[in-house]
Structures are given as structure tokens and as C-alpha cells.
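Engineer: To start, I am sharing the structure in question, which I have written as C-alpha cells.
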Amino acid sequence: MAGHSKWANIQHRKGRQDAKRSTMWTKLIREIIVAVKLGGPEADTNPRLRMALLKARGANVPKDTVKNAILKGSGKLEGVNYEEIRYEGYGIGGAALMIDCTTDNRTRTVADVRHLLTKAGGNLGTDGSVSFMFKHVGYFLFAPGLSEDEVMEVALEAGADDVVADEEGAIEVVCEPSAFEDVHKTFTDKGWEPEVAEITWKSDSETVLTGEDGERMQRLLDNLEDLDDVQQVYTTAVIE
């Protein structure tokens, strides 16, 4: 069954990441450091690190930079002590936001996030105020052009839970986080390279925003993602 178009939103996000490569590298390096700190330096036994390294390769982060990040996470090189924080709140039109941060200064980060939300007419919420609206999943998005029926057959056999095509023919595949690597390998073995392949928080509901509201929400999302301390922003907003 066709859903709202995610394609334009994803293309906007990817375009901004390409344009701000240095910022994206900063976020990926922090993710590697934290992943190593929490789960160890061996990718074979650390799924979060495997995912971080996959993203770093996709973003062409230099190998020496990745190696140094692993050493910092292991404590073998001096580095900044990062902590992870999640903020929850609301943006334009009541759209829910979950904002995952990695920071060395909690006071600075919450002030920056609150300022952007307030300036846009949104607000910070309390812990748990919106997180119940999101589910932790493996997520893939394919560009228009593949057969929905073929993707569905392959994906479900590989362990995926759901396959949905949007209005433009882009195909979303959702699976349990534990099935992500098997499903991903199945796709790459078929020669299918998803535009997006990640473990993420996907909203159970959608807040559709159009016109000026959509533009304001997109600016808010862009401004949040421009903060070095912000790793990921998840939202119920669908901008059309």
C-alpha cells in the first residue's frame, strides 16, 4: 500500500549531508568513539561499531581518522569524554521530535537545542513525552525503479517485517534491529544498494505539514542537524 512520499525529504537530507561533509564526519567520529567506549574496539562483537564503520565508509571518512577514533574510544589515545543525551519535544504543528546528542558539555547542548525549538515556536518536553511514538527498527529506502513485488518477496524471506512503496515509487523496508545485517546482506547480494540503510527510530504516526508550516519545520530540522552535538533527529513530521 502506498504511503506519503519520503523521497523528497530523504534527498534533501542527503544533499545537505554532502554539502556539509565536515560536520557529518564530526558526528560519525563521535559515534565511533562512543560505540567503542560502550562495546569495545572489535567490530565483529560490537554491532553498533559495525554500523558506525559502515556509515563512515559510505561518507568516505579517511581510514586514519577512523583508526584514531577507535583508539580514542579505547582509551589508547587522549580524547574528549562524550556522553549521550536524548531530548524530546515538539516542533511545528505539534510534530514530535526526538533529538539524540553526543556531547562533552550537557549545559551547552540543552541550551542550544532549547533555543532552536523556542525560536521556531516549538518546545522541549519531558523524558518519555514523545518517545512512545517511535519504534526502534532497521530501515532501508530504495530509489524509485525497483519492483515492489520483488523487493517484498526478497525482504520478507530475509526477515523483514514490512515493505511499503510511497507515491513516487520509492520503497521502504522495515525490520527488527537484530535482523538488519541479514536483510542488508541479502539486498547487497542481489546488487541492490539502498539510498538509506540504518538502524533508527521510526514514528508510528505521521504529522503531515505543507506550505509554510512544512518550510518552517524543514528549517528547524536543518538547524538542529547543523549542531555538532546533535547526532540524529527523529520526527513524526512528513513534509510535503
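Residue 242, in the working numbering, is where the sequence shown stops; the numbers in between run on with no holes. Beta carbons are placed, not taken as given, at the ideal position from N, Cα and C, and that holds for glycine. Because the structure is a prediction, the values reported are computed rather than measured.
Pull up the DSSP beta-bridge partners for ALA199, would you.
Structural biologist: The residue labelled residue 199 in the question sits at position 197 within the sequence shown. PHE142, per the DSSP bridge assignment.
Engineer: Distance check for LEU30 and LYS57, CA to CA, integer angstroms please.
Structural biologist: Along the sequence shown, read from residue 1 onward, the residue named residue 57 stands at position 55. Along the sequence shown, read from residue 1 onward, the residue named residue 30 stands at position 28. Here the alpha carbon of LYS57 sits roughly 7 Å from the alpha carbon of LEU30.
Engineer: Take SER180 as the anchor and find which of LYS74, ASP163, GLU214 has the nearest alpha-carbon.
Structural biologist: Against the sequence shown, residue 180 aligns to sequence position 178. Residue ASP163 is the option with its Cα nearest to SER180.
Engineer: Determine the direct distance from the alpha carbon of PRO49 to that of VAL63, and round the result to whole angstroms.
Structural biologist: For the purposes of this step, residue 63 is taken as the residue at position 61 of the sequence shown. For the purposes of this step, residue 49 is taken as the residue at position 47 of the sequence shown. Straight-line Cα distance between these residues: approximately 19 Å.
Engineer: In angstroms, rounded to a whole number, what distance separates the CA positions of LEU211 and TRP203?
Structural biologist: Translated into the one-based positions of the sequence shown, residue 211 becomes position 209. Translated into the one-based positions of the sequence shown, residue 203 becomes position 201. So the two alpha carbons sit approximately 20 Å from each other.
Engineer: Grab me the residues of SER133's own chain with a C-beta within less than 7 Å of its C-beta, minus the 5 sequence neighbours each way, in chain order.
Structural biologist: Walking along the sequence shown from the start, residue 133 turns up at place 131. Answer for SER133: GLU90, MET100, listed in chain order.
Engineer: Pick from HIS138, PHE144, TRP27: whose alpha carbon is nearest that of VAL198?
Structural biologist: What you label residue 198 is simply residue 196 of the sequence shown in a count that begins at 1. When the alpha-carbon of VAL198 is set against those of HIS138, PHE144, TRP27, the nearest one is in PHE144.
Engineer: I think LEU1 touches VAL38, with their Cβ atoms under 8 Å apart; what is that distance to the nearest whole Å?
Structural biologist: Here the chain has residues from 3 to 242 only, and residue 1 is not among them.
Engineer: Which of helix, strand or coil does DSSP assign to ASP215?
Structural biologist: Taking the sequence shown and counting its residues from 1, one reaches residue 215 at position 213. Helix, per DSSP.
Engineer: Indicate the three-state DSSP secondary structure (helix, strand or coil) for SER76 in the structure shown.
Structural biologist: Sequence index remark: in the sequence shown, residue 76 carries index 74 (1-based). The answer is helix: DSSP assigns SER76 an H, G or I state.
Engineer: Under the three-state reduction of DSSP, which class applies to GLU85: helix, strand or coil?
Structural biologist: Position 83 of the sequence shown holds residue 85. If DSSP states are grouped into helix, strand and coil, GLU85 belongs with the strands.
Engineer: Closer than 8 Å: is that where the CB of VAL63 sits relative to any heavy atom of the ligand ZN?
Structural biologist: The ligand ZN is absent from the structure shown, which contains no ligand whatsoever.
Engineer: Please report the distance separating the alpha-carbon of TYR84 from that of ALA61.
Structural biologist: As a working mapping, residue 84 is identified with position 82 in the sequence shown. As a working mapping, residue 61 is identified with position 59 in the sequence shown. Going from the Cα of TYR84 to the Cα of ALA61 covers about 22 Å.
Engineer: Does the distance from the CB of GLY140 to the CB of VAL185 come in under 9 Å?
Structural biologist: One-based indexing of the sequence shown puts residue 140 at position 138. One-based indexing of the sequence shown puts residue 185 at position 183. In this structure, VAL185 lies closer than 9 Å to GLY140 by Cβ.
Engineer: Put GLY91 into one of helix, strand or coil per three-state DSSP.
Structural biologist: Taking the sequence shown and counting its residues from 1, one reaches residue 91 at position 89. DSSP places GLY91 in strand when its eight states are reduced to three.
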